[in-house]
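Enquirer: Questions regarding the structure given below will be posed in turn.
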Amino acid sequence: MTISGKARLAGVMGWPIGHSRSPRLHGYWLEQYGIDGAYVPLAVPPDRIEQAMRALPALGFRGCNVTVPHKEAAYRTVDRLDATAKRMGAVNTIVVGEDGSLEGRNTDGFGFIENLRSGAPGWSAADGPALVIGAGGAARAVVASLLDEGAPRVWLVNRTRARADELAADIGGAIETADWVSRETLLEGAVLVVNTTTQGMAGQPPLELDLRALPGWAVVTDIVYTPLMTPLLAAAQARGNRVVDGVGMLLHQARPGFAAWFGREPEVTEGLKAAVLQG
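In numbering that gives the first Met the number 0, the protein residues as written are 0 to 278.
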């Protein structure tokens with residue numbers, strides 16, 4: 000594609016940023032829809048993040064994504080927050096207003112729920128309890144989105160229980176924490192199991208979780224997408240559970256930002272998935 004001097008601009012800020020698949024993702028949509036625009040990687044060190052964000056309007060950017068380690072700094076820097084970002088305590092999407100102001104949004108929970116709906120048709124958070132493993136930033140988005148979708152209870156376990164307790168207190172609602180050693184007993188009756196840790200990612204040890212107590216109708220998902228079929232998902236699939244890989248969360252969380260910056264509601268397709276997973 001050829002871009003003109005009127006091209007719409009957006010990007011992703013992180014440190015480092017070379018690993019990000021977001022430029023490939025948004026670039027695919029820009030080409031598919033024939034949009035005069037560009038989405039670029041922006042390597043911003045932590046001590047320059049506020050300066051970089053404040054430069055967006057002056058440089059003509061319509062906004063950007065924010066990734067590790069800048070999500071909390073972005074939360075503190077923007078001029079206003081949407082309700083979801085306030086609840087998460089983190090920002091992953093910034094939209095520049097007509098007046099040059101910065102609005103912070105968080106679309107991680109949206110991406111998680113949309114990925115489940117797509118990967119496990121008929122799934123509903125209201126069907127029963129969910130077990131969420133891990134208590135980092137991703138877990139915050141997952142737990143809040145499940146509660147918003149009507150989950151009657153979310154069990155939250157983390158190797159350090161204090162972190163789980165802190166997350167539960169921050170979000171509120173029907174969250175119950177438990178010790179790490181109790182994780183397998185909580186599988187009984189769960190309709191959803193979510194691994195939000197890095198265990199199972201390429202180069203990391205697999206998540207230690209014996210699934211024998213998990214009902215056969217339960218869905219198992221992992222936010223990791225390298226590899227797509229983690230040891231947890233492989234074990235769940237082998238026993239007949241429906242599984243949902245993590246790449247869809249990345250793809251779906253990008254949709255609201257693309258729509259805001261480039262004026263087109265994009266679709267998540269197999270072609271997009273293949274393009275993002277290349278290389």
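Virtual Cβ for every residue (Gly too), placed ideally from N, Cα, C. None of the values given here were measured: they were computed from a predicted structure.
Note the first and the last residue of the continuous alpha helix (DSSP H) segment covering Ile132.
Expert: Careful: Ile132 lies outside any alpha helix (DSSP H), inside the beta strand (DSSP E) at Ala129 to Ile132.
Enquirer: Out of Pro45, Pro68 and Gly245, which has the shortest C-alpha to C-alpha gap to Ile112?
Expert: When only C-alpha atoms are compared, the closest one is Gly245.
Enquirer: May I ask you to list the residues that DSSP assigns as paired with Tyr38?
Expert: In the DSSP output, where bridge partners are listed per residue, Tyr38 has Ala9.
Enquirer: Arg53: which of Trp28, Thr176 and Met12 sits nearest, CA to CA?
Expert: Comparing Cα positions, the closest option is Met12.
Enquirer: Taking 6 Å as the limit between beta carbons, can you name the residues of its chain near Asp78, skipping five residues before and five after?
Expert: The answer, listed in chain order, is Ser100 and Leu101.
Enquirer: Judging by CA-CA distance, which residue of Thr1, Arg7 and Val95 is the nearest neighbour of Pro56?
Expert: Taking only the C-alpha atoms, the option nearest Pro56 is Val95.
Enquirer: Is the CB-CB distance between Ala9 and Arg61 below 8 Å?
Expert: Yes, they are a contact pair.
Enquirer: Going by C-alpha distance, which of His25, Gly118 and Leu130 is nearest Leu185?
Expert: It is Leu130.
Enquirer: Within 10 angstroms of its Cβ, does Lys5 collect 16 or more other Cβ (buried), or is it exposed?
Expert: When all chains shown are included, Lys5 counts as exposed.
Enquirer: Quick one: Cα of Thr76 to Cα of Asp107, how far?
Expert: Approximately 19 Å between the Cα atoms of the pair.
Enquirer: Reducing DSSP to helix, strand and coil, say where Val77 ends up.
Expert: Coil at Val77, not helix or strand.
Enquirer: Can you check which of these residues, Ala167, Gln50, Val65 and Pro45, is closest to Tyr38 by C-alpha distance?
Expert: Per the Cα distances, Val65.
Enquirer: Can you round the beta-carbon distance between Val198 and Phe109 to whole angstroms, since I take them to be within the 8 Å contact cut?
Expert: Val is not the amino acid found at residue 198; the sequence shown has Gln there. Not a contact, Cβ separation roughly 25 Å.
Enquirer: By a C-beta neighbour count over all protein chains shown, 10 Å radius and 16 as the cutoff for buried, is Gly239 buried or exposed?
Expert: Looking at its Cβ environment, which holds fewer than 16 other Cβ atoms inside 10 Å, Gly239 is exposed.
Enquirer: Whole angstroms are fine: how far does the CA of Arg139 sit from the CA of Glu71?
Expert: Using only the alpha carbons, I get a separation of about 13 Å.
Enquirer: Is it a yes or a no for the region 170-182 touching the region 220-237, going by three-plus beta-carbon pairs under 8 Å?
Expert: Flag = no, the region 170-182 and the region 220-237 do not touch.
Enquirer: State buried or exposed for Val67, treating a residue as buried only when at least 16 other CB atoms are found within 10 Å of its CB.
Expert: That one is exposed.
Enquirer: Buried or exposed, going by whether 16 or more other CB atoms sit within 10 Å of the CB of Trp260?
Expert: Per the 10 Å Cβ criterion, buried.
Enquirer: Over what stretch of residues does the alpha helix (DSSP H) that includes Ile112 continue unbroken?
Expert: Where Ile112 is concerned, the enclosing alpha helix (DSSP H) stretches over Asp107 to Gly118.
Enquirer: If we require 3 or more residues per run, which beta strand (DSSP E) segments fall completely within the region 221-260?
Expert: As far as the region 221-260 is concerned, its whole beta strand (DSSP E) runs of at least 3 residues are 241-243.
Enquirer: Output the distance between the C-alpha atoms of Tyr32 and Trp122, rounded to the nearest integer angstrom.
Expert: One C-alpha to the other measures close to 31 Å.
Enquirer: I need the DSSP call for Ile16, collapsed to helix, strand or coil.
Expert: Residue state, collapsed to three classes: coil.
Enquirer: By alpha-carbon positions, which one of Arg7, Met248 and Ala125 ends up nearest to Ala189?
Expert: Nearest of Arg7, Met248 and Ala125 to Ala189, Cα basis: Ala125.
Enquirer: Using C-beta distances below 8 Å, list every residue in its chain close to Pro45, excluding the 5 sequence neighbours before and after it, in chain order.
Expert: Excluding sequence neighbours, Pro45 sits near Trp14, Pro68, His69 and Ala72.
Enquirer: For Ile16, which residues of its own chain have a beta-carbon under 6 Å away from its beta-carbon, when the five flanking residues on both sides are left out?
Expert: Cβ within range, chain order: Pro40 and Ala42.
Enquirer: Go ahead and label Pro128 buried or exposed: buried means 16 or more other beta carbons lie within 10 angstroms of its beta carbon, across all protein chains shown.
Expert: With 16 or more other Cβ atoms within 10 Å, it is buried.
Enquirer: Could you tell me how far apart the beta carbons of Leu166 and Ala134 are, in whole angstroms, since I believe they sit closer than 8 Å?
Expert: Contact flag correct, Cβ pair sits at about 5 Å.
Enquirer: Go ahead and pull the three-state DSSP assignment for Ile93.
Expert: Looking at Ile93 - three-state DSSP - the assignment turns out to be strand.
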